[in-house]
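Working notes, structure below.
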């Protein structure tokens with residue numbers, strides 16, 4: 033299952049590489065990075081969540097918790113199957 037994180041900015045002291053490292057640690061064997069990009073307007077990180085051996089909801093909840101815990105700005109959203117939801121909703 034593909035999950036895309038859309039962000040307008042990163043928390044203070046974090047860069048895109050730091051975000052990717054953090055997500056890699058959180059997901060362990062439950063998902064992996066497939067793409068990313070950043071511009072002045074914001075950025076995105078694409079992840080593929082494991083869904084054959086384990087329910088992907090665990091990966092979704094882990095990513096959402098990681099983003100909240102690191103105080104990502106309001107407006108940060110995760111997209112699943114074309115539906116975007118704010119991380120604070």
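In my numbering, the protein residues as written are 33 to 121.
Cβ atoms here follow ideal geometry from the backbone N, Cα and C, with glycine treated the same way.
Treat the numbers as computed from the prediction; the structure is a model and nothing was measured.
Please identify the residue among the options whose C-alpha is closest to the C-alpha of residue i.
i, options, result
"residue 70", "58, 46 and 59", "46"
"residue 90", "121, 58, 109 and 101", "58"
"residue 40", "116, 109 and 117", "109"
"residue 78", "94, 60, 88 and 111", "111"
Go ahead and pull the three-state DSSP assignment for residue i.
i, result
"residue 41", "coil"
"residue 50", "helix"
"residue 111", "strand"
"residue 121", "coil"
Name the one or two DSSP bridge partners that residue i has.
i, result
"residue 34", "80"
How would you call residue i, buried or exposed, if buried means at least 16 neighbouring beta carbons within 10 angstroms?
i, result
"residue 107", "exposed"
Can you check the segment 68 to 102 for any beta strand (DSSP E) of at least 3 residues that lies completely inside it and give the ranges in chain order? 74 to 81
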